[in-house]
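Working notes for the structure below.
There are 2 protein chains.
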Amino acid sequence: MTKRQVKNILFIMCDQLRADHLSCFGHPTLKTPNLDALARKGVLFERAYVQSPVCGPSRMSYYTGRYVHSHGASWNFVPLKVGEMTIGDHLRPLGVQSALVGKTHMRADLSGMARLGIDPNSKIGRRISECGFDPYERDDGIHPYSGHDPDPAYNQYLRDQGFDGDNPWEEWANSTVDTEGNTRSGWFLKYSNQAARVPEEHSETPYITRRAMDFIQEAGTQPWCMHLSYIKPHWPYMAPEPYASMFKPSDALPVARSEEERLDPHPVYEAMMQHRVSQTFSRDGVRETVMCGYMGLIKQIDDQLGVLFSFMEERGLMENTMIVFTADHGDYMGDHWMGEKDLFHEAVIRVPLIVYDPDPRADNTRNTRSQALVEAVDLAPTFLDVYGGPAVPHVMDGRSLRPLLFGEQPHNWRDAVICEYDYSFQDARIDLQTAPRRAWMRMIFDGRWKYVLFEDFRPMLYDLQTDPQEFKDLGASQNPEHIEARARLHEALFQWARQPRQRVTVTDEVIESVEVQPRISEGGILIGYWDEADLAKARQGFKPRFASTNPLVQPTLDRLTAQQGDTHHA
Amino acid sequence: MTKRQVKNILFIMCDQLRADHLSCFGHPTLKTPNLDALARKGVLFERAYVQSPVCGPSRMSYYTGRYVHSHGASWNFVPLKVGEMTIGDHLRPLGVQSALVGKTHMRADLSGMARLGIDPNSKIGRRISECGFDPYERDDGIHPYSGHDPDPAYNQYLRDQGFDGDNPWEEWANSTVDTEGNTRSGWFLKYSNQAARVPEEHSETPYITRRAMDFIQEAGTQPWCMHLSYIKPHWPYMAPEPYASMFKPSDALPVARSEEERLDPHPVYEAMMQHRVSQTFSRDGVRETVMCGYMGLIKQIDDQLGVLFSFMEERGLMENTMIVFTADHGDYMGDHWMGEKDLFHEAVIRVPLIVYDPDPRADNTRNTRSQALVEAVDLAPTFLDVYGGPAVPHVMDGRSLRPLLFGEQPHNWRDAVICEYDYSFQDARIDLQTAPRRAWMRMIFDGRWKYVLFEDFRPMLYDLQTDPQEFKDLGASQNPEHIEARARLHEALFQWARQPRQRVTVTDEVIESVEVQPRISEGGILIGYWDEADLAKARQGFKPRFASTNPLVQPTLDRLTAQQGDTHHA
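Chain order of the listed sequences is X and C.
In terms of UniProt numbering, the first sequence has 482 at position 482, counting the first letter as 1, and numbering is strictly consecutive.
In terms of UniProt numbering, the second sequence has 217 at position 217, counting the first letter as 1, and numbering is strictly consecutive.
Here's what the structure looks like:
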């Protein structure tokens with residue numbers, strides 16, 4: 001293998017990490033030198049967007065290369081339907097093993113598997129259940145309630161270290177001890193600036209990083225695509241020392257919210273502001289408290305990535321491993337009077353994306369920042385491209401980033417990104433008395449204008465050029481420029497919506513290459529021929545392709561093209 | 001079982017049968033007394049539309065209850081992707097066997113099955129390959145080139161009767177003998193007014209009707225849904241005597257075409273007019289010749305249905321069998337300067353639909369004609385409804401027709417029908433140098449206005465109120481009424497396009513019933529709680545649902561809601 005040719009892919013994801021919380025993305029106090037160094041070796045994408053603001057649908061878009069509109073797993077508890085193809089399915093035929101270390105938020109389609117007679121515990125059943133990955137170690141966090149394994153290997157690991165209990169994940173790794181000696185759960189935001197009960201080395205991030213290194217150690221010569229998927233900085237926002245004490249509230253970015261946003265807000269936005277988490281984060285002191293833990297957890301991830309990158313460097317893996325760093329979505333943290341992640345503001349849908357490609361063709365883009373509008377769905381096609389698999393635009397909505405990494409100007413790069421949200425599972429839907437089928441919002445953002453379409457409510461519109469903080473909803477504005485922008489993006493959203501990529505069983509290339517109609521005639525299906533002479537004449541132009549492989553066709557065509565006076569007798 | 005309660009469903013489909021070619025639908029000379037009698041016993045739907053103008057995608061919509069936009073099998077050779085649920089999948093859990101006698105045009109998703117480890121020859125593999133039916137006898141016609149069994153049971157049947165050869169389907173059942181004693185193939189339109197070489201009883205329609213009766217004889221007590229799917233009157237348009245001589249060209253409906261249509265036609269329409277079959281059918285005498293065979297084949301089907309209905313009557317099956325009669329699409333037959341079926345004129349997309357429901361609740365609609373806009377996708381939900389299965393609007397695009405059959409006024413019945421066509425496999429696409437992905441046309445028809453949207457061309461518009469023959473394409477008209485109609489239907493099509501029904505793994509009812517967010521909190525995932533007091537207060541409103549089934553949750557919640565001074569010690 002040529003030096004600096006990609007053999008492996010390390011696909012790192014953080015959960016709930018805002019783009020603006022890395023120093024290479026501009027954070028003034030939260031220094032992330034290891035990720036900054038990665039960015040210097042590769043390309044930093046400043047405008048990378050996820051396909052949905054919550055974990056499950058966003059991840060399923062990453063793993064399938066398809067919009068939620070296409071794959072249908074529209075919320076966290078919605079199983080990805082059996083039959084959907086994932087990164088693992090696409091890479092397996094190319095000789096690449098796709099391994100999982102960490103979280104996917106995948107819910108298995110058990111009823112679909114039962115219908116198709118697939119044993120969920122078979123090798124294929126496991127892959128279907130783990131969205132195409134072979135799980136080296138799956139860990140979704142949030143034990144025992146994640147909907148996955150209630151007592152994962154990490155719990156047993158903690159017990160082995162002497163951290164006992166039914167659920168040491170919560171009682172030790174995500175709890176603290178107050179000044180009176182009481183155990184306090186990290187589930188409560190109030191304790192987010194306190195230290196976890198476990199020493200740093202036994203907390204989740206170093207543990208899962210070591211598991212990734214274990215995988216690398218054990219991996220044989222077969223190329224791998226490892227999804228290293230950190231649970232953090234997702235809640236519980238509880239970091240161990242020294243990270244718990246590393247950041248003060250004054251280190252946090254100023255909250256981005258305006259009183260103007262609470263005057264006559266869009267009905268769905270207003271209902272979202274009523275959610276418990278939004279109410280809590282709008283109270284004084286909550287963001288400040290939580291930010292300490294959140295920043296500490298991010299700093300810890302950066303340090304652990306430093307460990308991992310050194311480990312890889314020592315083994316020469318930096319020469320043949322593409323490294324992708326991103327997140328499944330951000331976190332409001334009180335911005336826009338919101339907690340969590342249920343709308344389309346930049347804090348939530350814009351994610352960090354850094355891609356390091358060791359290939360020499362990527363040398364001229366190292367340490368550059370791309371302004372291209374890129375999306376979560378672009379990673380799966382990138383990986384396919386890396387291993388030389390033909391693009392599958394009939395299946396994947398995304399496009400390979402490799403031309404951008406190589407400094408090319410790809411033809412017709414997208415001029416807008418899409419984000420979708422099925423909020424039917426949220427209280428806002430109930431409060432608004434909306435039927436589940438109508439509880440969809442869809443966003444299109446062209447780099448300046450952000451348009452959000454609802455089913456039963458007026459749209460929203462933001463102009464990020466004049467209003468980068470997204471305080472002014474222009475969705476009802478009668479300004480002609482705003483009317484025009486809404487109409488234009490509305491139409492663009494329609495163009496997008498009518499490309500659901502469901503014709504997944506036949507490639508565009510097959511259609512382009514076979515000249516179906518001649519092939520049909522040459523195969524013996526004669527449509528619109530008046531008589532033998534018609535066929536005989538047309539047959540002069542036939543390229544006997546199908547005919548030559550089917551012994552039934554040639555004699556039949558010979559017989560059928562026999563001239564009038566020359567036919568065989570009955 | 002109560003008398004006149006539906007136990008079985010007989011789902012009859014003809015291939016390529018225009019709605020206007022039954023006497024109950026107004027044909028003046030082609031008398032179809034058995035279907036007319038069925039219509040008198042049931043409801044005749046005057047405005048029934050298919051979801052695509054060609055066999056494969058139309059049928060997949062019938063069998064799944066889903067638009068092509070949802071199921072993705074966009075043309076004849078496009079396999080229905082593994083995982084798509086069909087009538088058989090929906091009815092099987094209700095104790096109903098879904099049997100196939102005849103044609104489906106299903107192409108199996110072999111690569112999908114391989115990926116999922118499903119043996120195509122296993123019971124489940126066979127069902128996936130036969131779009132959910134257990135095939136009693138599949139026969140797609142067009143042997144040996146159908147893409148299915150090149151030598152089906154019918155060929156052996158013909159040989160057993162002394163009609164020898166490699167392919168007696170073509171050489172006997174679909175060939176004729178000319179006056180000079182030469183065998184002439186029914187593939188050539190010129191011979192469509194000649195008699196097939198087989199006696200009537202051995203031709204395809206009586207054969208497959210007998211096979212349906214065989215199935216009924218052999219069926220045990222288990223309820224069945226039998227898809228009796230005739231190949232005819234699809235080409236080759238060759239009827240046996242006496243049907244071959246039964247109709248003269250003067251019996252045919254006048255051709256519906258106008259010179260106006262050839263002046264500045266829409267580019268795609270113009271390209272379609274260049275297809276061989278369109279050119280041939282536009283020549284003098286072709287329609288007249290073909291119509292003789294076409295009408296004969298329809299008359300034969302009606303007679304055979306008379307035999308079948310008598311057979312059922314004798315066995316008391318008319319008392320407990322719903323009978324549905326329809327077609328997968330129509331046939332231009334030279335109307336609009338077109339052959340075959342590649343656009344959206346009424347001759348092609350409007351199909352006959354008659355539904356006889358023995359249930360006493362349907363008594364007050366017997367012998368009525370419904371003007372409701374109904375679609376092919378409505379049959380699968382109707383069948384599900386018949387057997388008491390809950391509606392699955394998260395999966396099926398259609399709605400049960402049963403309320404209409406019972407004389408009710410269903411709430412919010414649709415006000416427009418949809419038809420889609422992926423013409424990427426057609427020569428027109430190549431001629432126009434359109435990429436496969438852009439070769440889509442989509443139609444919406446509200447009962448008056450028919451709007452057709454293309455990707456790279458102007459739209460088409462017809463006003464069927466002032467122009468019932470569809471001669472005037474108003475797609476570029478600047479008349480304000482036409483501009484308004486186009487804009488309105490364009491927006492309606494967008495609304496349709498953004499409901500692709502891919503969230504098939506979770507029902508709307510589950511979403512409505514579970515109150516997801518309280519359940520999440522009650523299950524131990526605490527989002528947005530500041531402290532113990534917050535949770536304790538909220539917990540007063542909890543209904544311990546999830547908690548009561550998970551022994552981990554209750555003690556954890558108890559611990560977490562312990563008051564400040566009351567927590568256990570570390």
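Just so you know, even glycine gets a beta-carbon here, dropped at the ideal spot from N, CA and C.
Roughly how many angstroms separate the alpha carbons of residue i and residue j, rounded to a whole number?
i: residue 7 of chain C; j: residue 406 of chain C; result: 17 angstroms
i: residue 238 of chain X; j: residue 288 of chain X; result: 14 angstroms
i: residue 277 of chain C; j: residue 333 of chain C; result: 9 angstroms
i: residue 567 of chain X; j: residue 540 of chain X; result: Low per-residue confidence applies at residue 567 of chain X: pLDDT is 44, beneath 50, and the placement is therefore not dependable, though the value from the model is reported in the following sentence. Their Cα atoms are separated by approximately 18 angstroms.
i: residue 446 of chain X; j: residue 554 of chain X; result: 55 angstroms
i: residue 564 of chain X; j: residue 285 of chain C; result: Here the model assigns residue 564 of chain X a pLDDT of 48, short of 50, so the residue's position is not dependable, and the following value carries that caveat. Answer to the nearest angstrom: the Cα atoms are 19 angstroms apart.
i: residue 194 of chain X; j: residue 352 of chain X; result: 27 angstroms
i: residue 124 of chain C; j: residue 291 of chain C; result: 42 angstroms
i: residue 211 of chain X; j: residue 156 of chain X; result: 14 angstroms
i: residue 473 of chain X; j: residue 232 of chain C; result: 59 angstroms
i: residue 246 of chain C; j: residue 122 of chain C; result: 46 angstroms
i: residue 1 of chain X; j: residue 141 of chain X; result: The predicted model places residue 1 of chain X with a pLDDT of 46, which falls under 50 and marks its position as unreliable, so this point remains unresolved.
i: residue 47 of chain X; j: residue 25 of chain X; result: 11 angstroms
i: residue 135 of chain C; j: residue 161 of chain C; result: 24 angstroms
i: residue 487 of chain C; j: residue 337 of chain X; result: 38 angstroms
i: residue 386 of chain C; j: residue 344 of chain X; result: 43 angstroms
i: residue 372 of chain C; j: residue 479 of chain C; result: 29 angstroms
i: residue 342 of chain C; j: residue 421 of chain C; result: 8 angstroms
i: residue 271 of chain C; j: residue 428 of chain C; result: 5 angstroms
Kindly give me the distance between the Cβ atoms of residue i and residue j, rounded to whole angstroms, as I take these residues to be in contact under 8 angstroms.
i: residue 349 of chain X; j: residue 57 of chain X; result: At roughly 12 angstroms, the Cβ-Cβ gap does not stay under 8 angstroms, so residue 349 of chain X and residue 57 of chain X are not in contact.
i: residue 376 of chain C; j: residue 61 of chain C; result: 5 angstroms
i: residue 70 of chain X; j: residue 502 of chain C; result: 7 angstroms
i: residue 340 of chain C; j: residue 470 of chain C; result: Contact doesn't hold; Cβ gap of about 17 angstroms is too wide.
i: residue 505 of chain C; j: residue 79 of chain X; result: 4 angstroms
i: residue 401 of chain C; j: residue 355 of chain C; result: 6 angstroms
i: residue 196 of chain C; j: residue 176 of chain C; result: 6 angstroms
i: residue 209 of chain C; j: residue 304 of chain C; result: 4 angstroms
i: residue 475 of chain C; j: residue 266 of chain C; result: 6 angstroms
Comparing alpha-carbon positions, which option in the options lies nearest residue i?
i: residue 379 of chain X; options: X/24, X/33, X/64 and X/41; result: X/64
i: residue 31 of chain C; options: C/40, C/39, C/21 and C/166; result: C/21
i: residue 302 of chain X; options: X/3, X/4, X/9 and X/23; result: X/23
i: residue 455 of chain X; options: C/495, C/482 and C/515; result: C/495
i: residue 98 of chain X; options: X/217, X/75, X/114 and X/127; result: X/127
i: residue 40 of chain C; options: C/204, C/147, C/230 and C/325; result: C/325
i: residue 149 of chain X; options: X/250, X/370 and X/103; result: X/103
i: residue 234 of chain X; options: X/329, X/317 and X/536; result: X/329
i: residue 91 of chain X; options: X/171, X/527 and X/388; result: X/388
i: residue 523 of chain C; options: C/530, C/531 and C/514; result: C/514
Over what stretch of residues does the beta strand (DSSP E) that includes residue i continue unbroken?
i: residue 369 of chain X; result: 368-370
i: residue 46 of chain X; result: 43-49
i: residue 450 of chain C; result: 449-454
i: residue 228 of chain X; result: 224-229
In terms of residue numbering, what span does the alpha helix (DSSP H) encompassing residue i cover?
i: residue 532 of chain X; result: 532-539
i: residue 486 of chain C; result: 480-497
i: residue 301 of chain C; result: 286-314
i: residue 8 of chain C; result: Looking at the DSSP string, residue 8 of chain C is not in any alpha helix (DSSP H); the run it does join, the beta strand (DSSP E), is 8-14.
i: residue 323 of chain X; result: Residue 323 of chain X -> not in any alpha helix (DSSP H); beta strand (DSSP E) instead, spanning 321-327.
i: residue 405 of chain C; result: 402-405
In the region 413-446 of chain X, which residue ranges form an unbroken alpha helix (DSSP H) of at least 4 residues, counting only runs that do not cross its ends? 427-431
Scan the region 339-385 of chain C and note each continuous alpha helix (DSSP H) run of 4 residues or more that stays entirely inside, going in chain order. 346-349
Can you give, in chain order, each stretch of the alpha helix (DSSP H) that sits fully within the region 29-83 of chain X and has at least 4 residues? Inside the region 29-83 of chain X, DSSP marks whole alpha helix (DSSP H) runs of 4 or more residues at positions 33-41, 55-64 and 68-71, from first to last along the chain.
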